[in-house]
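>
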Amino acid sequence: MSEIHIAGRVVINLWRILRHEVTLNVYTFENVAYHVLHQREPLFSFKQLSTWYKQPAHKNRWRVIEFYLTRVNGNLAIMKQLDLIGQTSEFARVFGIEFYHVLSRGSQYRVESMMLRIAKPMSLIAVSPSVQQRAQQKAPECIPLTLEPQSRFYSNPVIVLDFQSLYPSIMIAYNYCFSTCLGRVENLAHAHEGMFDFGCTSLGIDPKQLKDLRNDITISPNGVVFVKSKVRRGILPIMVQDILNTRIMVKKSMKLNKEDKALERLLHARQLGLKLIANVTYGYTSASFSGRMPCIEVGDSIVRKARETLERAISLVENTKKWGAEVVYGDTDSLFILLKGRSKEDAFRIGQEMCDAVTNDNPKPIKLKFEKVYLPCVLQTKKRYVGFMYETPDQKEPVFDAKGIETVRRDTCTAVSKILERSIKILFTSRDISAVRNYVQSQCKKLIDGRANIQDCIFAKEYRGMAGYKPGACVPALEIARKNLVVDRRSEPRVGERVPYLIVYGPPGLPLIQLVRKPDIFLSDPSMRLNATYYITKQILPPLNRIFALLGVDVFKWYQDMPRSTKVAPVAPVNVAQKKGMISQYFSTMNCAICEELTKNNVCDACRRDPQNVVTTLNTKISKWERAFNSISQICASCQGVPQDNQNCTSLDCPLLFRLHRGKQDMVKAEQYREFIAKLF
DNA sequence: GGTGCGACCTAA
DNA sequence: TTAGTTAGGTCGCACC
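In numbering that gives the first Met the number 0, the protein residues as written are 0 to 680.
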């Protein structure tokens with residue numbers, strides 16, 4: 000990790016650590032100093048430094064010394080600002096591992112450190128499966144619930160509720176652990192036949208003992224049996240409970256010690272460490288790729304129970320008529336609830352009522368927490384949304400809160416995120432689309448005229464090293480590394496380093512990769528111009544359009560309408576949100592029955608005009624559905640039944656049944672489409 | 001022109 | 001010689 004080793008000393012590679020500590024576009028010393036210390040530091044070339052150093056009479060040597068001193072002191076200042084040493088020490092204490100191991104080793108090591116301390120007094124030892132055993136473990140079958148959002152602009156309050164530490168809470172509430180798991184129900188029926196598969200190894204249960212236990216077990220929704228805590232309290236529940244309790248204590252203590260800044264920092268580090276370890280405990284159980292003791296039965300049960308918990312919460316919210324609420328989105332442990340025609344104050348009150356109701360509906364310590372109210376907001380797709388956030392009823396000014404969209408991503412340049420954020424803010428505050436249009440057009444003009452800030456147009460992406468790419472990969476960072484190597488073989492970027500680049504104009508038809516330039520090359524060559532067309536049509540407009548198309552606005556048209564002679568007319572790409580066919584509150588549109596484009600009619604004009612194309616499109620769809628249907632295996636994995644005649648499978652949650660159901664729906668659709676084609680001619 | 005794949009980065 | 005997980009969206013290119 001540190002690349003430098005000194006016996007008896009801990010050597011810290013600050014740059015590598017900062018990659019995890021702060022999210023930045025580039026991790027050069029200057030950039031980190033600017034963002035963490037809020038100080039501008041100069042960067043001189045080696046050539047310049049050498050010149051100064053070698054000048055006669057050492058006239059400028061002090062500059063070189065000062066330059067390096069600034070860096071040394073700056074590094075220390077950065078570490079101090081982030082409380083790196085304090086935090087690492089505290090983590091070491093909380094997890095019970097060495098200081099250096101906090102930085103150098105992964106989260107499995109942390110979990111094991113805590114878990115084995117509890118296991119040993121109970122005379123339990125950990126299984127250590129071989130690589131082969133791990134590879135032969137059953138594949139996971141359960142996935143968290145992520146609802147398809149109703150993708151549109153919401154002018155009414157949307158409240159966001161989420162379960163507090165859901166996975167740890169589930170372990171505690173239902174006593175899910177390696178040490179309490181009896182395996183799958185279907186295996187227990189044959190327990191008298193001997194050992195059966197369990198996790199990476201196998202398990203044998205004495206049938207007589209099993210009979211005595213029959214009233215002291217619970218069965219997870221995916222059919223895995225656990226003993227209740229009166230039989231044996233699981234190690235993971237004990238550990239996680241301990242962690243969560245301690246965290247609550249630490250947080251209380253933080254409130255009491257607000258004056259003592261040093262103590263407060265220490266306590267903050269402590270509670271953060273506790274939170275991290277609680278969250279990765281689940282990851283440990285389902286680390287099927289690299290884990291040292293994964294157990295799919297335990298991991299899957301946690302996910303499946305969490306899913307069930309969220310589903311129950313959704314139905315409770317939607318079926319309580321007095322709230323008049325509608326769940327519009329949810330992911331793993333969160334609920335987004337639309338309250339039509341309610342005020343912000345109502346939202347806070349009702350949201351709290353919902354939290355209390357759902358919390359009461361679940362065993363301790365599962366708790367639904369009021370997170371925030373969005374007013375207004377846009378739900379774009381799964382895991383992508385943005386809104387004006389209020390966290391308390393008396394908060395006057397909202398906070399801009401974005402998840403997953405380009406304002407928080409590092410794979411676009413700053414110009415994109417700045418323009419997107421500004422546009423959304425204009426929309427949210429003024430609700431005036433023409434104001435947004437004016438702003439966007441003025442920014443495009445700036446780019447076209449070459450007045451844009453070049454700093455804002457720099458992309459930076461992580462370099463994976465020469466061996467990190469598939470042959471033929473077309474990646475700017477790799478391209479630049481290759482070019483660097485030609486000049487100086489020491490100048491290859493480090494693995495994990497974020498490599499900056501720009502896109503310049505070139506002759507038409509050239510692939511994008513050949514328009515990639517390093518910033519210093521770009522600056523030193525006056526003939527190079529920023530590729531304004533690329534920046535506008537490929538970077539700035541598409542993310543804007545993903546938001547504003549939901550309001551029925553065509554952002555690309557704004558660009559085309561700009562008074563300018565030499566512009567290139569861009570083609571608006573069809574994005575997922577459009578495909579999914581939002582019905583915005585401003586326009587009544589629907590999806591074309593054939594191509595799923597937005598249309599005012601049942602079938603869009605394009606499909607109407609070209610019947611042959613329609614036939615091809617539909618036939619492709621039909622064959623896809625049929626393939627999918629035929630691929631469904633006919634033996635239900637969880638109930639071992641034959642679900643063709645739905646009678647044999649009693650479990651409503653049976654995943655195969657679900658897939659069959661979907662498959663049948665698809666087949667019905669295929670049939671309808673066949674009829675449609677027949678009618679067409 | 002559609003599709004599949006690789007690359008990147010984020011949500012949870 | 002050590003590594004927590006999966007889901008999801010988007011872009012650019014190669015291929016058919």
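By construction, the Cβ of each residue, glycine as well, lies at the ideal position given by its N, Cα and C atoms.
1) Please report the residue range of the alpha helix (DSSP H) in which residue 271 lies.
2) Report the rounded CA-to-CA distance for residue 3 versus residue 264, giving the unit in angstroms.
3) For residue 42, I'd like the list of residues in its chain whose CB is within less than 7 Å of its CB, leaving aside the five on either flank, ordered along the chain.
4) So, helix, strand or coil for residue 97, using DSSP?
5) Let me make sure I understand the geometry here. Which of 447, 233 and 473 has the alpha-carbon closest to that of residue 177?
6) Does the segment 57-65 touch the segment 89-107, meaning 3 or more C-beta pairs lie closer than 8 Å?
7) With DSSP as the reference, please indicate the residues paired to residue 333 in a beta bridge.
8) If you draw a straight line from the C-alpha of residue 36 to the C-alpha of residue 560, how long is it?
9) Taking the C-alpha atoms as reference points, what is the distance between residue 291 and residue 7?
10) So the candidates are 427, 125, 457 and 361; which of them puts its Cα closest to the Cα of residue 412?
11) Indicate whether the contact test is met: 3 or more Cβ pairs, each with one atom in the segment 460-480 and one in the segment 530-545, closer than 8 Å.
12) Report, in whole angstroms, the separation of the C-beta atoms of residue 390 and residue 406, which I expect to be a contact under 8 Å.
13) With 16 as the cutoff for other CB atoms within 10 Å, does residue 148 come out buried or exposed?
14) Quick one: Cα of residue 298 to Cα of residue 142, how far?
15) Label residue 308 either buried or exposed according to how many other C-beta atoms from any shown protein chain fall within 10 Å of its C-beta, with 16 as the threshold for buried.
16) Quick one: residues in its chain with C-beta nearer than 6 Å to the C-beta of residue 165, no 5 flanking neighbours on either side, listed in chain order?
17) Contact between the segment 133-140 and the segment 201-216: three or more CB pairs below 8 Å?
18) Closest by CA to residue 724, which one among 198, 58, 184 and 352?
19) Check this for me: beta carbons of residue 175 and residue 11, under 7 Å apart or not?
20) Rounded to the nearest angstrom, how far is the Cβ of residue 498 from that of residue 467, given a contact under 8 Å?
21) Thinking C-alpha only, which one of 478, 454 and 453 is nearest residue 465?
22) Considering only residues of the same chain and omitting the five flanking positions on each side of residue 187, which have a CB-CB separation below 7 Å?
23) In the DSSP assignment, what are the bridge partners of residue 385?
24) Verify whether the separation of the beta carbon atoms of residue 514 and residue 505 is less than 7 Å.
25) Are there 16 or more other CB atoms within 10 angstroms of the CB of residue 371, so buried, or fewer, so exposed?
26) Does the Cβ-Cβ distance between residue 388 and residue 377 come in under 7 Å?
27) Could you give the uninterrupted runs of the beta strand (DSSP E) lying entirely in the segment 194-230, keeping only those of 3 residues or more?
28) Is the beta carbon of residue 270 sitting closer than 7 Å to the one on residue 250?
29) Look at the Cβ atom of residue 491, then the Cβ atom of residue 501, and state whether they are nearer than 7 Å.
30) Can you tell which of 435, 218 and 455 has the C-alpha that lies nearest to the C-alpha of residue 558?
31) In whole angstroms, what is the alpha-carbon distance linking residue 124 and residue 294?
32) Suppose you measure from the CA of residue 60 to the CA of residue 383; what does that come to, to the nearest Å?
33) Could you tell me the alpha carbon to alpha carbon distance between residue 450 and residue 439, rounded to whole angstroms?
34) In angstroms, rounded to a whole number, what distance separates the CA positions of residue 163 and residue 517?
35) Are the CB atoms of residue 189 and residue 206 within a distance shorter than 7 Å?
36) What ranges does the beta strand (DSSP E) occupy inside the segment 474-508, keeping only unbroken runs of at least 3 residues that lie completely in it?
So, from the data block:
1) Within the first sequence, numbered from 1, the residue matching residue 271 stands at position 272. Element bounds for residue 271: 260-284.
2) The residue given as residue 3 occupies position 4 in the first sequence. The residue given as residue 264 occupies position 265 in the first sequence. So the alpha carbons of these two residues sit roughly 30 Å apart.
3) Position 43 of the first sequence holds residue 42. Result list for residue 42: 29, in chain order.
4) Start at 1 with the first residue of the first sequence, and residue 97 comes out as number 98. The answer is coil: DSSP assigns residue 97 none of H, G, I, E or B.
5) As a working mapping, residue 177 is identified with position 178 in the first sequence. The candidate whose alpha carbon is nearest that of residue 177 is 233.
6) no
7) The count along the first sequence starts at 1 and reaches residue 333 at position 334. For residue 333, which the question treats as bridged, DSSP gives the partners 161.
8) Along the first sequence, read from residue 1 onward, the residue named residue 36 stands at position 37. Along the first sequence, read from residue 1 onward, the residue named residue 560 stands at position 561. For residue 36 and residue 560, the distance between alpha carbons rounds to 44 Å.
9) Numbered from its first residue, the first sequence carries residue 291 at position 292. Numbered from its first residue, the first sequence carries residue 7 at position 8. Cα-Cα distance, rounded: 29 Å.
10) Position 413 of the first sequence, counted from the start, is the residue given in the question as residue 412. Measuring from the Cα of residue 412, the nearest candidate turns out to be 457.
11) no
12) By one-based count along the first sequence, residue 390 stands at place 391. By one-based count along the first sequence, residue 406 stands at place 407. Their Cβ separation, rounded to whole angstroms, is 19 Å, which puts residue 390 and residue 406 out of contact at 8 Å.
13) Here residue 148 refers to the residue found at position 149 of the first sequence. It counts as buried.
14) As a first step, residue 298 is located in the first sequence; it is residue number 299 there, counting from the start. As a first step, residue 142 is located in the first sequence; it is residue number 143 there, counting from the start. Cα to Cα, residue 298 sits roughly 10 Å from residue 142.
15) Within the first sequence, the letter at position 309 stands for residue 308. By the 10 Å Cβ count, residue 308 comes out buried.
16) In the first sequence, counting from the first residue as 1, residue 165 sits at position 166. Counting only Cβ-Cβ distances below 6 Å, and skipping sequence neighbours, we find 305 and 332.
17) no
18) Residue 724 lies beyond the stretch modelled for the chain, which goes from 0 to 680, so this question has no answer here.
19) Sequence index remark: in the first sequence, residue 175 carries index 176 (1-based). Sequence index remark: in the first sequence, residue 11 carries index 12 (1-based). No, the pair does not count as a contact, with Cβ atoms beyond the cut-off.
20) Position 499 of the first sequence, counting from 1, holds the residue named residue 498. Position 468 of the first sequence, counting from 1, holds the residue named residue 467. The Cβ separation is near 12 Å, so there is no contact.
21) Locating residue 465 in the first sequence gives position 466, counting from the first residue. Nearest option by C-alpha distance: 478.
22) In the first sequence, residue 187 corresponds to position 188, counting from 1. Only 181, 204, 209 and 224 meet the Cβ criterion.
23) Along the first sequence, read from residue 1 onward, the residue named residue 385 stands at position 386. Answer by DSSP bridge pairing, in chain order: 377 and 401.
24) Along the first sequence, read from residue 1 onward, the residue named residue 514 stands at position 515. Along the first sequence, read from residue 1 onward, the residue named residue 505 stands at position 506. Against a cut-off of 7 Å, the Cβ pair of residue 505 and residue 514 comes out as a contact.
25) Position 372 of the first sequence, counted from the first residue, corresponds to residue 371. Burial call: buried.
26) By one-based count along the first sequence, residue 388 stands at place 389. By one-based count along the first sequence, residue 377 stands at place 378. No, the pair does not count as a contact, with Cβ atoms beyond the cut-off.
27) 195-197, 200-202, 216-218 and 223-226
28) Against the first sequence, residue 270 aligns to sequence position 271. Against the first sequence, residue 250 aligns to sequence position 251. Cβ distance < 7 Å, so residue 270 and residue 250 count as in contact.
29) Numbered from 1 along the first sequence, position 492 holds the residue referred to as residue 491. Numbered from 1 along the first sequence, position 502 holds the residue referred to as residue 501. Result no, Cβ atoms of residue 491 and residue 501 do not sit closer than 7 Å.
30) Walking along the first sequence from the start, residue 558 turns up at place 559. It is 435.
31) Here the question's residue 124 lines up with position 125 in the first sequence. Here the question's residue 294 lines up with position 295 in the first sequence. Near 15 Å, if we compare the C-alpha coordinates of residue 294 and residue 124.
32) Locating residue 60 in the first sequence gives position 61, counting from the first residue. Locating residue 383 in the first sequence gives position 384, counting from the first residue. Each residue's Cα considered, the two are about 53 Å apart.
33) In the first sequence, counting from the first residue as 1, residue 450 sits at position 451. In the first sequence, counting from the first residue as 1, residue 439 sits at position 440. One C-alpha to the other measures close to 15 Å.
34) Your numbering for residue 163 matches position 164 in the first sequence. Your numbering for residue 517 matches position 518 in the first sequence. In a straight line, the C-alpha of residue 163 is about 45 Å away from that of residue 517.
35) For this step, residue 206 is matched to residue 207 along the first sequence. For this step, residue 189 is matched to residue 190 along the first sequence. No, Cβ-Cβ distance for residue 206 and residue 189 is not below 7 Å.
36) 497-502
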